[in-house]
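Presented below is the structure to which this report refers.
Residue numbers (our numbering): 8 to 139.
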């Protein structure tokens with residue numbers, strides 16, 4: 008029996024769980040950087056509490072937002088997904104760090120900036136096809 012070296016990988020439950028865990032770990036790391044930069048010395052567990060929320064939202068919107076489920080174009084869906092993920096991040100940061108929404112906004116903006124910069128850098132380092 009000959010097994011091809013490259014084959015299509017299935018998108019089963021294990022792949023979904025691993026993707027979620029890696030995304031949540033990445034978001035926890037970048038959120039801890041942002042919170043430490045803005046708030047000061049904070050426990051890293053708070054970032055681990057808040058990170059699964061935007062990870063889950065971004066994975067679900069990335070999966071189901073591409074198919075045009077909502078009846079709008081894919082270009083607009085990217086913006087909708089970004090706004091929804093940022094709002095979910097804002098709610099999670101506000102609860103996890105016990106901040107008012109107004110105080111949590113700079114942390115979320117920094118979190119988005121750190122995640123974007125590190126995501127682009129890691130994507131380019133690993134050879135993932137990014138536009139930058």
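From the three backbone atoms N, C-alpha and C, an ideal C-beta is built for every residue, glycine too.
| query | result |
| --- | --- |
| Which whole-angstrom value describes the C-beta separation of residue 58 and residue 38, a residue pair presumed to lie in contact below a C-beta threshold of 8 Å? | 6 Å |
| Report yes or no: do three or more beta-carbon pairs, one from the segment 62-72 and one from the segment 108-119, lie closer than 8 Å? | no |
| Using a Cβ-Cβ cutoff of less than 7 Å, which residues in the same chain neighbour residue 62 once the five nearest sequence positions on both sides are dropped? | 27, 30, 31, 34 |
| Take every Cβ of the segment 115-135, pair it with every Cβ of the segment 91-104, and state whether three or more of those distances are shorter than 8 Å. | yes |
| Confirm, please, whether the CB-CB distance from residue 88 to residue 60 is below 8 Å. | no |
| Rounded to whole angstroms, what's the CA-CA distance from residue 25 to residue 78? Just pull it up for me. | 30 Å |
| Cα-Cα, which of 20, 64, 42, 46 is closest to residue 54? | 42 |
| From the DSSP output, in three-state form, read off residue 120 for me. | helix |
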